[in-house]
Amino acid sequence: MMSNRKLVQFTVNGNPVEVAIAPRQTLLEVIRDEVDLTGAKEGCSNGNCGSCTVEVDGVTINSCCALGVEMEGRTINTIEGLAPGLDLHPIQQAFMENGGLQCGICTPGFILSTDHLLKMIPNPSEEEIRLYLAGNLCRCTGYDKIVRSVQAAASAMSS
Amino acid sequence: MRNFDYVAPTSLAEAVQAFGQAGGRARALAGGTDIIDQIRIGRRTPELLIDTKRVPEMMVLEDDGAGGLRIGAGVPLSRVRDHASVRAAYPALATAAGLVGAIQIQNRATLGGNVGNAAPSGDTIPPLMVLDATVVIAGPRGTREEPVANVFAGPGQLTIQPDECLVEFRVPAPRANTSSYYVRFIPRAEMDIAVVGVGVSMMLNGGGQVEDVSIALASVAPTPVAATAAQDVLRGQTLTRELAREAGERAEEATSPISDVRGSADYRRELTKVLTRRAVAACAGQLGVSLS
Ligand SMILES: Cc1cc2nc3c(=O)[nH]c(=O)nc-3n(C[C@H](O)[C@H](O)[C@H](O)COP(=O)(O)OP(=O)(O)OC[C@H]3O[C@@H](n4cnc5c(N)ncnc54)[C@H](O)[C@@H]3O)c2cc1C
Ligand code: FES
Ligand code: FES
């Protein structure tokens, strides 16, 4: 059964890709090892830490808890696609300016979760920020600076 | 991860055929938030995963034409959580859907998976039980409908046959003057599994007495259980603080808890009393009756 790869077509950050995927490969493994985008990180590999967060068909998911073969026809966005070229997205800018990261392992996940939050609630309360980011863990920064970064991003994007 | 095969049927007939042919060697794949890790750590060893998310019959989320709701087994919990009529008519279910994991989990996880995983702690299960939800089960021998309360055999184990699958949940129309509530205790604010969970659905009559009530408990027995003695205490009575307290005391009779990392059996018995009392009071509060 090791050769039961299936050809799967989907788009990543707007680019169509076609990959031969074994059912046992998680979406995270496919994105990192087959599509060569290493922004999404493997932290816990069981859905707790959020460092593997990507957007599929407009909603964030833990890519470690999904299979690559499920992605036929899906639209995937990763941290690499958030801002064009070398530009920074206002959320990235806000994390940088407010000390919202240290080692950066958790940061792609936090930023994509923030993006998802601000699309649903453009001006979230602190409580809402903490609720919507509960699936992202950071072992370095401390959550206050992350909350402040999200608040800064929200006000930058709504002004 | 060990390897397996994968198919994604695009109709219920195809799905039924796939489950039928595979017998016990296949499992359903819905949001994958339980099964993928269970395969990784070797707790489950299916040879085939059958994806339910391209089966239109498992993706319905709509009025049943009689004031009730049909929720496909493969619909993500975020859609259940945000659905206007779930929020209005079945608040216990909306609450529970919004408690499972975090946002990323809710965007993938499903009712089919929460029930299919058959954990005694499944948060959506007490709400489905107290709302009198049924589940449509399909298999090679045909289709049948069972109360959700009847499908649990033990931890991780359903009463349905290995060649059968869950298609959709049916939640009957809410009756007048009825509300529902779900509360769980976890040691943190988010992202943990219930130490105890309590769902209540209650109907009051014109005189303010309890016309009907249903209470179900999570994480206190090998399967989610109904707290029938607590229900009996409340039915026909005028609600008071003392009565809510007594219902809590009697809820304990339904429990047969274990001690584990999340809490001792004694702690779970105590939590059952407290949370049942609070859930009854909160449900009454939603119906305009204050017990404070
Ligand atoms: C970080 C994290 C936090 C979590 N927090 C909670 C929580 O707070 N509360 C809670 O209750 N759970 C929690 N869970 C567990 C899990 O998310 C839920 O049980 C979820 O509802 C499973 O749904 P799923 O669609 O992802 O299931 P899957 O993993 O796809 O499937 C789970 C099981 O159900 C079976 N199944 C799925 N669909 C069907 C079907 N149509 N017919 C027959 N069998 C079927 C599968 O074969 C499998 O055995 C958490 C999980 C993680 C990773
Ligand atoms: S690596 Fe996916 S949630 Fe931690
Ligand atoms: S910055 Fe290091 S884990 Fe968050």
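From first to last, the protein sequence lines stand for chains A and B.
Taking this note's numbering, I'd label the letters of the first sequence as residues 317 to 475.
Taking this note's numbering, I'd label the letters of the second sequence as residues 14 to 305.
Don't be surprised by glycine CBs; every beta carbon is placed ideally from N, CA and C.
Heavy atom of ligand 3 within 7 Å of residue i beta-carbon
i: Arg455(A); result: yes
i: Gln30(B); result: no
i: Cys422(A); result: yes
i: Leu417(A); result: yes
6 Å Cβ shell around residue i - same chain, five flanking residues per side excluded
i: Pro140(B); result: Ala105, Leu106, Ala109, Tyr195, Gly212
i: Ala239(B); result: Ala229
i: Arg263(B); result: Ala242, Ala243, Val246
i: Leu453(A); result: Cys365
i: Tyr448(A); result: Leu433
i: Lys66(B); result: Gly87
i: Gly206(B); result: A quick correction: the sequence has Ile, not Gly, at residue 206(B). Around Ile206(B): Ser134.
i: Leu306(B); result: In the structure as shown, chain B starts at 14 and stops at 305, and residue 306(B) therefore has no counterpart that could be examined.
i: Asp64(B); result: Ala21, Leu42
i: Gly276(B); result: Val208
i: Ala162(B); result: Met142
i: Tyr280(B); result: none
i: Pro456(A); result: Sequence check: residue 456(A) is Cys here, not Pro. The answer, listed in chain order, is Gln418, Cys419.
Backbone secondary structure at residue i - three-state DSSP
i: Pro22(B); result: coil
i: Ala151(B); result: strand
i: Leu449(A); result: coil
i: Cys368(A); result: coil
i: Asp136(B); result: coil
i: Ser471(A); result: helix
i: Gln418(A); result: coil
i: Phe198(B); result: strand
i: Pro175(B); result: coil
i: Gln30(B); result: helix
i: Thr376(A); result: strand
i: Val302(B); result: coil
i: Asp205(B); result: coil
i: Phe411(A); result: helix
i: Phe165(B); result: strand
i: Met317(A); result: Model confidence at Met317(A) stands at a pLDDT of 49, short of 50, so the residue's coordinates are unreliable; what they give is reported in the following sentence. Correct three-state label for Met317(A): coil.
i: Thr191(B); result: strand
i: Asp352(A); result: coil
i: Asp273(B); result: strand
Ligand 2 heavy atom lying under 7 Å from the CB of residue i
i: Ser465(A); result: no
i: Gly363(A); result: yes
i: Gly359(A); result: yes
i: Gly366(A); result: yes
i: Cys380(A); result: yes
In DSSP terms, what residue i is bridged to
i: Val226(B); result: Met215(B)
i: Thr342(A); result: Leu383(A)
i: Arg157(B); result: Ile150(B)
i: Thr123(B); result: Pro89(B)
i: Lys322(A); result: Ile337(A)
i: Ile84(B); result: Leu74(B), Phe182(B)
i: Ala41(B); result: Ile63(B)
i: Ala231(B); result: Gly210(B)
i: Gln170(B); result: Gly167(B)
i: Pro332(A); result: Thr327(A)
i: Ala239(B); result: Ala229(B)
Nearest-angstrom beta carbon gap, residue j and residue i [assumed within contact, 8 Å]
i: Gly33(B); j: Pro153(B); result: 4 Å
i: Ile173(B); j: Ile150(B); result: 5 Å
i: Gly384(A); j: Leu343(A); result: 5 Å
i: Met215(B); j: Thr191(B); result: 7 Å
i: Val180(B); j: Leu25(B); result: 7 Å
Check: residue i C-beta below 7 Å from any heavy atom of ligand 5
i: Ala86(B); result: Within the structure as shown, ligand 5 is missing, the only ligands being ligand 1, ligand 2 and ligand 3.
Any non-hydrogen atom of ligand 1 closer than 7 Å to residue i Cβ
i: Arg94(B); result: no
i: Asn452(A); result: no
i: Asn306(B); result: Residue 306(B) lies beyond the stretch modelled for chain B, which goes from 14 to 305, so this question has no answer here.
i: Ile52(B); result: no
i: Met71(B); result: yes
i: Ser134(B); result: yes
i: Asp47(B); result: yes
i: Met412(A); result: no
i: Ile116(B); result: no
i: Ile206(B); result: yes
i: Gly126(B); result: yes
i: Thr65(B); result: yes
i: Ala292(B); result: no
Contact set for residue i: own chain, Cβ-Cβ below 8 Å, skip 5 residues either direction
i: Gln409(A); result: Ala469, Ala472
i: Met317(A); result: A caution first: Met317(A) carries a pLDDT of 49, below 50, which makes its placement in the model too unreliable to give a value.
i: Pro406(A); result: Ala469, Ala472, Met473
i: Gln170(B); result: Ala131
Same chain only: Cβ atoms within 7 Å of residue i, ignoring 5 sequence neighbours per side
i: Pro235(B); result: Pro133, Gly167, Pro168
i: Arg121(B); result: Gly44, Gly45, Thr46, Pro89
Check: What are the residues of the stretch 366-386 of chain A that lie near chain E, defined by any Cβ-Cβ distance shorter than 7 Å?
Finding: No chain E appears in this structure, whose protein chains are A and B.
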